[in-house]
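Each residue of the sequence shown is one higher than the last, beginning at 42 in the numbering used here. In this text, a Cβ means the ideal position worked out from N, Cα and C, and glycines have one as well. Step one of this worksheet: look at the structure below.
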Amino acid sequence: MYALTLYVLLVTGLLFALGFLSLHRPRYFFRLTEVNASYWVIVVALWYVRSLTLLVIRGAHPTDLWWDILLSLGLLAAIDVLLIVRFCSYLAFLRNHPKGPPTAS
């Protein structure tokens, strides 16, 4: 059950992170606004890829401590919620601004 929950949370988060990154194509990638919008999603996506790779290689070995399992799954679920919110808010932005963000002249 623990392994299945880990797989579901990691794959869900990775899909939403990659979905956001595939839609978000900034003109100036190193502006502070773009760093705030994208870089944490990139870091989380890389972390999820690493975690999934290790999960496939090593398997899931939960501890006997219920609070440790609850804490790790809870934090993973919270990060997934943030990724889902980022993805959905960007979709809403694209619906309201079909031409994309305004450019600085």
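Gly100 classed as buried or exposed, judged by whether at least 16 other C-beta atoms fall within 10 angstroms: Exposed is the call here.
Classification of Gly115 by the beta-carbon crowding that lies within 10 angstroms, buried from 16 upward: Answer is exposed; the Cβ neighbour count stays below 16.
C-alpha gap between Ala118 and Leu111, whole angstroms: 10 Å
Exposure of Ala58, with buried meaning 16 or more beta-carbon neighbours within 10 Å: buried
Residue range of the unbroken alpha helix (DSSP H) whose run includes Leu112: 107-137
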